[in-house]
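Colleague: The following block contains the structure, expressed as structure tokens.
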Amino acid sequence: MLNDFLHPASRQVPFWHGYMGSPSVKDIIESVGVPHVEVALILVNGVIVPFDFHPENGDRISCYSRFHSINIGSINLLQDLPSDPRFILDVHLGKLAKYMRIMGFDTLYQTNFTDSEILRIASDECRIILTRDLGILRNGLAKWGYYIRSTMPRLQLIEVMDAFSLREKSNPFSRCSICNGLVEIVSKEQIIKDLNTSTIRYYKDFFRCQSCGQIYWEGSHYKKIEKFIDENLNGERKTNHEE
Ligand SMILES: [Zn+2]
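Going by the working numbering, the sequence shown opens with residue 1326, and the numbers climb by one from there.
Quick look at the structure:
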């Protein structure tokens, strides 16, 4: 997957890369286009090295993605991912944020987040940054992150679920798609004043976001979302536009 960031002529083949001074191996890797957050393992002349290792002229650098399965036995990876991943998305990924919340993943998203706010919150709350902006991922403050390849929200969701092995961690309908708050069951009596009479008459199960108070029920839209969840959990690949 790291080949996605290289010029086509440089993919899957050894190539020479020149540089000035004595940069770290992290800086060299990023100078050819690969964001350090997607790197799990670096070898220099076959020996595992940390990001701050300084290679010498003629050294051979091999670089492996954390999002591609490799048999590495008990080797410690660079910056291991959190076992219970939480996410923060950049301002261009609103639809993906909504889809991830429907699947039950803890997903922070606000249209007014600046890049520096995203980096700070990700660091403070141990969140993984999802973005189509390589600039954020190349920032030294970025610890965990993933560059979203697709431009289509449905495919972006599948991409993220595959990259972070999220299918078994999903908990659909547990989060509010509007604000990321946790959703709880409420009795009809608790919310009767907030709904119109036909909704009260036809539906019996109601849920409420503990953060923003949004009320949910199993209306006609519910079946559509159930189908959406089922398709994503079963890995059906959507290639058409129906966003
Ligand atoms: Zn909410």
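Backbone N, C-alpha and C define an ideal beta-carbon position, used for all residues, glycine too.
Just so it is clear, the structure is predicted and the values come from calculations on it, not from any experiment.
Measure the C-alpha to C-alpha separation of G1506 and F1531 and round it to an integer number of angstroms.
Modeller: When rounded, the distance between both Cα atoms is 16 Å.
Colleague: For R1426 versus C1501, is the C-beta spacing smaller than 8 Å?
Modeller: Their beta carbons are under 8 Å apart, which means R1426 touches C1501 by this criterion.
Colleague: Counting only runs that start and end within the region 1513 to 1560, where is the beta strand (DSSP E) found for 3 or more residues in a row?
Modeller: Segments of the beta strand (DSSP E) lying fully in the region 1513 to 1560: 1531 to 1534 and 1540 to 1542.
Colleague: Check this for me: beta carbons of P1478 and L1421, under 8 Å apart or not?
Modeller: Yes, the pair counts as a contact, with Cβ atoms nearer than the cut-off.
Colleague: Terminal residues of the continuous alpha helix (DSSP H) containing G1419?
Modeller: Segment G1419 to I1427, the alpha helix (DSSP H) holding G1419.
Colleague: Which residues in the same chain as E1509 place their Cβ atom closer than 7 Å to its Cβ, once the five residues preceding and following it in sequence are excluded?
Modeller: For E1509, where only same-chain residues beyond five positions count, the Cβ hits under 7 Å are F1532, R1533 and Q1535.
Colleague: Counting Cβ pairs closer than 8 Å, one from the region 1510 to 1529 and one from the region 1483 to 1498, do we hit at least three?
Modeller: Segments in contact, no.
Colleague: Output the residues surrounding ligand 1, defined as those with a CB atom closer than 5 Å to any ligand heavy atom, in chain order.
Modeller: Going along the chain, the residues that qualify are C1501, I1503, C1504, G1506, C1534, S1536, C1537 and Q1539.
Colleague: Grouping DSSP H, G and I as helix and E and B as strand, with all else coil, what is L1331?
Modeller: L1331 falls in the coil class under three-state DSSP.
Colleague: Output the boundary residues of the alpha helix (DSSP H) element that contains G1460.
Modeller: L1459 to R1463 is the extent of the alpha helix (DSSP H) around G1460.
Colleague: Taking the beta carbon of D1555 as the centre, do at least 16 other beta carbons fall within 10 Å, making it buried, or is it exposed?
Modeller: Classification of D1555: exposed, given that the 10 Å Cβ count is below 16.
Colleague: Starting from I1503, follow the beta strand (DSSP E) in both directions and report where the run begins and ends.
Modeller: Taken as a continuous stretch (DSSP letters only), I1503 belongs to no beta strand (DSSP E), as it is neither H nor E.
Colleague: For K1529, which option in K1513, I1540 and Y1547 has the closest C-alpha, if you only look at C-alpha atoms?
Modeller: If we check each option's Cα against that of K1529, K1513 comes out closest.
Colleague: Output needed for T1524: all residues of its chain with C-beta closer than 8 Å, excluding positions within five of it in sequence on either side, in chain order.
Modeller: These residues qualify, in order along the chain: W1542 and G1544.
Colleague: With DSSP run on the structure shown, which of helix, strand or coil describes L1414?
Modeller: Strand at L1414.
Colleague: In the structure shown, what three-state DSSP assignment does S1390 receive?
Modeller: Looking at S1390 - three-state DSSP - the assignment turns out to be strand.
Colleague: Under 8 Å between the Cβ atoms of L1327 and S1390?
Modeller: The answer is yes: Cβ separation under 8 Å.
Colleague: Does DSSP put A1447 in a helix, a strand or coil?
Modeller: Looking at A1447 - three-state DSSP - the assignment turns out to be helix.
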